[in-house]
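These notes concern the structure reproduced below.
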Amino acid sequence: MFRIGKEEELAVARTLQSRQFFKINDAGREVYHFEEEWSRTVGSQYTLLMTSGYAALESALVALGIGPGDEVIVPAYTYIATALAVVGAGAIPVITDIDETMTLSPEAVEKNISGHTKAIIPVHIMGLPSNMDAIMRIAKKHGIAVVEDACQSDGGMYHGRYLGSIGDAGAFSFNIFKVITSGESTSAR
Ligand SMILES: Cc1ncc(COP(=O)(O)O)c(C=O)c1O
């Protein structure tokens, strides 16, 4: 299932030999290297490695000041972690229709925006990009944030830009089923 080559073997050996694989007290250089490399690769300002894509989504929402009483638009077709991250932040997921792209319908998003809406989470499902041009336009018009759930599309692109680097924040996953697997997920930007 996984393609693991010499480069990965050497990286694991290097990390073990360094005895610095925890990201505390400024140790764990490989972690920092990865964050810097990921930022450079996807074109995001910051990258923070976390325990999971779920944690990345929830942290991004909390960092944007989203909490109790706020509504966040999520697509009807996604993995449950998208909506759970909204609940984890204390906010209310507003389940919104998808269209033939299998991703959020911009028309349905517009219809579901209320005075409580604070963010939209487009999910780039199975590597299929959401209509980011339309979603960013709607978000700007209403002054709300966009948190991209790029957990199923590590390395995917939309009009020449990496998915997960277009909105205010993006979450990626490197779990066992994902395009890149490592055991950790990352929140970028
Ligand atoms: C669309 C989507 N969002 C979020 C997640 C959560 O990622 P993780 O399993 O790394 O927490 C997943 C994982 O399957 C996912 O498919």
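Take the sequence shown: its letters are residues 730 to 918, numbered as in the working numbering. Here a beta-carbon is modelled for each residue, glycine too, at the ideal position from N, C-alpha and C.
#### Entry: Backbone CA spacing between residue 752 and residue 906 [nearest angstrom]
Position 23 of the sequence shown holds residue 752. Position 177 of the sequence shown holds residue 906. Linking residue 752 to residue 906 through their CA atoms gives a straight-line distance of about 24 Å.
### Task
Just mark residue 781 as buried or exposed, buried being the case when its beta carbon has 16 or more other beta carbons within 10 Å.
Indexing the sequence shown from 1 puts residue 781 at position 52. Label assigned to residue 781: buried.
### Message
For residue 733, count the other beta carbons within 10 Å of its own beta carbon; 16 or more makes it buried, fewer makes it exposed. Which is it?
### Response
The residue given as residue 733 occupies position 4 in the sequence shown. It is exposed - the Cβ of residue 733 has fewer than 16 other Cβ atoms within 10 Å.
### Query
Do the segment 763-775 and the segment 886-903 touch if we need at least three Cβ pairs shorter than 8 Å?
Contact check between the segment 763-775 and the segment 886-903: three or more CB pairs, one atom from each, fall below 8 Å, which counts as touching.
### Query
Could you check where the alpha helix (DSSP H) with residue 752 kicks off and where it finishes?
As a first step, residue 752 is located in the sequence shown; it is residue number 23 there, counting from the start. Counted as a single uninterrupted DSSP element, the stretch harbouring residue 752 is not any alpha helix (DSSP H), since DSSP gives it neither H nor E.
#### Entry: Delimiting residues of the beta strand (DSSP E) encompassing residue 878
Working through the sequence shown from its first residue, we reach residue 878 at position 149. Element bounds for residue 878: 874-878.
### Message
Measuring straight from C-alpha to C-alpha, what distance separates residue 789 and residue 745?
### Response
Taking the sequence shown and counting its residues from 1, one reaches residue 789 at position 60. Taking the sequence shown and counting its residues from 1, one reaches residue 745 at position 16. Using only the alpha carbons, I get a separation of about 30 Å.
### For residue 877 and residue 922, the rounded distance between their alpha carbons
As shown, the chain starts at 730 and ends at 918. That puts residue 922 outside it, with no answer to give.
### Task
Counting only the same chain and skipping the five closest in sequence on each side, list residues whose C-beta sits under 7 Å from that of residue 843.
Start at 1 with the first residue of the sequence shown, and residue 843 comes out as number 114. If we look at residue 843 and ignore the five residues flanking it on each side, its Cβ neighbours are 800.
### Query
Which class does residue 890 belong to by DSSP, given the choice of helix, strand or coil?
Taking the first residue of the sequence shown as position 1, residue 890 is located at position 161. Strand at residue 890.
### Query
Should residue 816 be labelled buried (16 or more other beta-carbon atoms within 10 Å of its own) or exposed?
Locating residue 816 in the sequence shown gives position 87, where the first residue counts as 1. Flag for residue 816 reads exposed.
### Message
Closer than 7 Å to a non-hydrogen atom of ligand 1 - does that hold for the CB of residue 878?
### Response
Along the sequence shown, one-based indexing puts residue 878 at 149. True, at least one ligand heavy atom lies under 7 Å from that Cβ.
### Query
Relative to the alpha-carbon of residue 902, which residue among 808, 737 and 754 has its alpha-carbon at the smallest distance?
As a first step, residue 902 must be located in the sequence shown, where it is residue number 173. Comparing Cα positions, the closest option is 808.
### Message
Less than 8 Å between the C-beta atoms of residue 883 and residue 908, yes or no?
### Response
Counting from 1 along the sequence shown, the entry for residue 883 is found at position 154. Counting from 1 along the sequence shown, the entry for residue 908 is found at position 179. Yes; because the gap between Cβ atoms is below 8 Å, this pair is in contact.
### Task
Quick one: grab the DSSP three-state call for residue 779.
Taking the sequence shown and counting its residues from 1, one reaches residue 779 at position 50. For residue 779, the three-state secondary structure derived from DSSP is strand.
### Message
Assuming residue 849 is part of the beta strand (DSSP E), what are its boundary residues?
### Response
By 1-based counting over the sequence shown, the position of residue 849 is 120. Its beta strand (DSSP E) spans residues 846-849.
### Task
Would you give the residue range spanned by the beta strand (DSSP E) that residue 825 belongs to?
Taking the sequence shown and counting its residues from 1, the one referred to as residue 825 is at position 96. Unbroken beta strand (DSSP E) run through residue 825: 821-825.
### Message
Looking at the strands, I want to know which residues DSSP matches up with residue 804.
### Response
Here residue 804 refers to the residue found at position 75 of the sequence shown. Assignment of beta-bridge partners to residue 804 by DSSP yields 825.
### Message
Among 792, 759, 747 and 823, whose alpha-carbon lies nearest the alpha-carbon of residue 898?
### Response
Taking the sequence shown and counting its residues from 1, the one referred to as residue 898 is at position 169. It is 792.
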